[in-house]
Amino acid sequence: MTHLASVLVLLLKIHTIKSCAGVSLKTQELYAIVFATRYLDLFTQYVSLYNTLMKLIFLVSSFSIVWYMRRHKIVRRSYDKDHDTFRHYFLIIPCLLLALVLNEKFTFKEVMWAFSLYLEAVAILPQLVLLQRTRNIDNLTGQYVFLLGAYRSFYILNWIYRYFTQPHFVQWISWISGLVQTLLYADFFYYYFQSWKNNAKLELPA
């Protein structure tokens, strides 16, 4: 739900304000790849209606955000291309190579699942670099990044709970990639809570 809330906040900004200022297209493209490779079982393995709906929501929303930022005449004008220069393509190859080496089972679907986890762990980097360069962050963008980080932090609490309540629950790939992803948000969380405590505008140091 926290992850869904982050997507809704971003869509609210794009659809209502017709602006993607402060949002990294590079990060959105990486997330689109993450969901496309993780949900390959969408039409081959049915878990529940909720599970299927959530997968479809994340797939459609991620690709629609990329489309809006690239193609929508009004929205794309607000895209800060000059500051969003992180070479995100260089993250894809190492994550794919890592997935080929470290996976739970050497099948196409399992390798792609591992790849999606590794890529998700670092997908936020272009967004964090963009915020670091622009420094001034509007409320919706700040809330989007905070909710995205909180979603992974809650996952860690879920893993701890399941480790102590479910025998033999071990998912090293998810645990390590999730921990790396959460640590990347640590600096942002600090300044986010500082601004909230002081009732001030969120600003990151240069």
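Just so you know, UniProt numbering puts 173 at position 173 of the sequence shown, and the rest follows in order with no gaps.
Quick reminder that beta carbons are idealized off the backbone N, C-alpha and C, glycines included.
Cα-Cα separation, residue i to residue j
i      : j      : result
SER174 : GLY149 : 15 Å
TYR192 : GLU29  : 25 Å
ARG76  : PHE164 : 47 Å
TRP113 : LEU97  : 13 Å
ARG87  : GLU110 : 26 Å
CYS95  : GLN181 : 13 Å
TYR31  : ASN139 : 22 Å
ILE17  : LEU202 : 19 Å
PRO167 : VAL47  : 22 Å
ASP41  : PHE115 : 15 Å
TYR89  : GLU120 : 13 Å
ILE137 : THR107 : 42 Å
ALA99  : TYR118 : 7 Å
VAL23  : PHE58  : 17 Å
ILE74  : GLN194 : 33 Å
GLN171 : SER177 : 10 Å
LEU11  : ILE160 : 32 Å
LEU179 : SER78  : 33 Å
Start and end residues, alpha helix (DSSP H) containing residue i
i      : result
LEU147 : 139-165
LEU102 : From DSSP, LEU102 is part of no alpha helix (DSSP H); its letter is neither H nor E.
HIS3   : 2-12
THR37  : 25-38
LYS55  : 49-71
TYR118 : 108-122
ILE176 : 172-184
LEU130 : 125-134
Sequence-distant residues of its chain with Cβ nearer than 7 Å to residue i (five each side left out)
i      : result
THR27  : ALA123, ILE124, PRO126 and GLN127
THR2   : LEU147, ALA150, TYR151 and PHE154
LEU102 : ALA114 and ILE173
ASN51  : none
Proximal residues to residue i (C-beta, below 6 Å), its chain only, five neighbours per side dropped
i      : result
VAL7   : SER61
LYS13  : LEU140
VAL66  : GLN28, GLU29 and ALA32
GLY142 : LEU202
GLU104 : GLU110
LEU204 : LEU131, GLN132, ARG135 and TYR191
TYR68  : ILE14 and VAL75
Own chain partners of residue i with C-beta closer than 8 Å, once the 5 adjacent residues on each side are dropped
i      : result
THR162 : In the sequence on display, residue 162 carries Arg and not Thr. Excluding positions up to five away in sequence, the list reads PHE169.
LEU91  : LEU30, LEU119, VAL122, ALA123 and LEU125
ARG70  : LEU25 and ARG76
VAL9   : LEU140, GLN143, TYR144 and LEU147
Cβ of residue i within 8 Å of any chain D Cβ
i      : result
GLN171 : Protein chain content of the structure displayed is limited to a single chain, and chain D is not contained in it.
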